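Everything below concerns the one structure shown next.
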Amino acid sequence: MSMTRLATPPTSNRWFSSKRYVHGGGGLSHKIRALLRETAQPVTVVTSLMPDLKPTSPSIQSRPSLSTFHGATLSSFTSISMTPHHLVAFSLRVPSRMATTLRDLSAAASFSSTHMVINLLAAPQAHAAILFSRPDLHSHPFEDPDIQWSLSPDGLPILHGCLGALSCRVVGAPWRLNDLAALGDKLVSKVERTRDSANVDDVESELFIAQVIRVEDVPKAKGVVDDSLRTLPLVYHRRGYATTSLNFLLNQEASTKE
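Just add 287 to wherever you are in the sequence shown, counting from 1, and you've got the working numbering.
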C-alpha cells in the first residue's frame, strides 16, 4: 500500500537508510527514534472513566460512581496474542491520569468485565488524535463538537466513525519500563541500575497488557460528507498523520502462490 499524507509533518520528507543512523551522530535513543519515525504506527485512543473507588457500603461491591470520562492517544499499541487469549499491549507515560485510572481499575474489585475501550482511529480522525494527546490544551475533549461518541454496554465511551473499537480489561499490574531488573532481567548490571535510577528527568513509561473482551459495533459519524476514508486507518508517520491507499506495491496474491 502507498501512503497518503493527511497533515504536513514539521520535518521535511527525506530518503532514509538505516546506515545513516548506524554510523551517524547521536546516541542510541536518537537512532532508535529516527528509525521508528520511518515506520507507520496505528493511531489509537483509549477511553475509560476516572472512578470513585470508595464503596458506599463495606458490604456492597458495585460499579464505582462516575466522576468523568477520560481518553488518551496511545503512542504505542499492538496485538501480541490471538490464542489462547486475545491480548493487546500498549504503553503510557507516567505520571498520567489514564495510567492511574487503569491501574486503580485493575486493582479494584471487579465491577465490570471491561476497564477501557481502545478506539482504532480512521483516516478522518486526526483531530481526535490531537485532542486526546494534549490534555494541557484540551482538558474536555468529549465536549468538543467534532467528537461524537456513545457508550458501550459497559458504559465506556466509543468514538463514532473510528475504524473499530475493542472493549478490554487490564491483565495484572502494569510493568514499569525504567527498571529492567524488576522485569526479571538477570543480566542488567549494577552500573546500569544505578544509572537508570539516577536519570530522574527521563520520561518513564508503564506497559499495560489487556485482554480483548468484545469487538464493538461502531456507529458512523454524522455529518461526514465523504465516507470513503472511513475504512482506512489513521497512522503516524514522520511526525505527521497519514493514511494508506489501496495501491499495492506488489501483486500479493500472485507472490503468495509462488
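Beta carbons are placed, not taken as given, at the ideal position from N, Cα and C, and that holds for glycine. Values in this document were obtained by computation on a predicted structure and should not be read as measured data.
Could I get the ranges of all uninterrupted alpha helix (DSSP H) runs contained in the segment 375-399, with 4 residues as the minimum, in chain order?
384-394
Cutoff 6 Å; reference R501; Cβ partners in own chain excluding five residues on either side
Start at 1 with the first residue of the sequence shown, and residue 501 comes out as number 214. Closer than 6 Å at the Cβ level, and outside the excluded window around R501, lie S454.
Identify whether L464 lies in helix, strand or coil by the three-state DSSP scheme.
Sequence index remark: in the sequence shown, residue 464 carries index 177 (1-based). Of the three classes helix, strand and coil, the one that applies to L464 here is coil, per DSSP.
Could you pull out every residue in the same chain whose Cβ sits closer than 8 Å to the Cβ of K509, ignoring the five residues on either side in sequence?
In the sequence shown, residue 509 corresponds to position 222, counting from 1. Taken in chain order, the residues that qualify are Q435 and H447.
Enumerate in chain order the residues of its own chain whose CB-to-CB distance from S346 is below 7 Å, with the five nearest sequence positions on each side excluded.
Within the sequence shown, residue 346 is the residue found at index 59, counting from 1. Since pLDDT at S346 reaches only 38, below the 50 mark, its modelled position is unreliable, and no value is offered.
Please report the Cβ distance between V332 and F429, rounded to the nearest whole angstrom; I am assuming they are in contact, meaning their Cβ atoms lie under 8 Å.
Numbered from its first residue, the sequence shown carries residue 332 at position 45. Numbered from its first residue, the sequence shown carries residue 429 at position 142. Not really, about 11 Å apart at Cβ, beyond 8 Å.
Name the residue from I405, V457, T530 and D423 whose alpha carbon lies nearest to the alpha carbon of V505.
Translated into positions along the sequence shown, residue 505 becomes position 218. Closest option to V505, Cα to Cα, is I405.
Do S368 and L361 count as a contact pair if the criterion is CB distance below 8 Å?
The residue labelled residue 361 in the question sits at position 74 within the sequence shown. The residue labelled residue 368 in the question sits at position 81 within the sequence shown. The answer is no: Cβ separation not under 8 Å.
Which first and last residues belong to the alpha helix (DSSP H) in which R501 is found?
Working through the sequence shown from its first residue, we reach residue 501 at position 214. Premise fails: R501 lies in the beta strand (DSSP E), E491 to E503, not in any alpha helix (DSSP H).
Measuring straight from C-alpha to C-alpha, what distance separates A395 and V512?
In the sequence shown, residue 395 corresponds to position 108, counting from 1. In the sequence shown, residue 512 corresponds to position 225, counting from 1. In a straight line, the C-alpha of A395 is about 44 Å away from that of V512.
For A410 and L516, what's the separation of their Cα atoms in angstroms?
As a working mapping, residue 410 is identified with position 123 in the sequence shown. As a working mapping, residue 516 is identified with position 229 in the sequence shown. Between A410 and L516, the C-alpha separation is close to 6 Å.
Can you check whether the CB of L336 is closer than 8 Å to the CB of F356?
Residue numbering aside, residue 356 sits at position 69 when the sequence shown is read from its first letter. Residue numbering aside, residue 336 sits at position 49 when the sequence shown is read from its first letter. Yes. Within cutoff.
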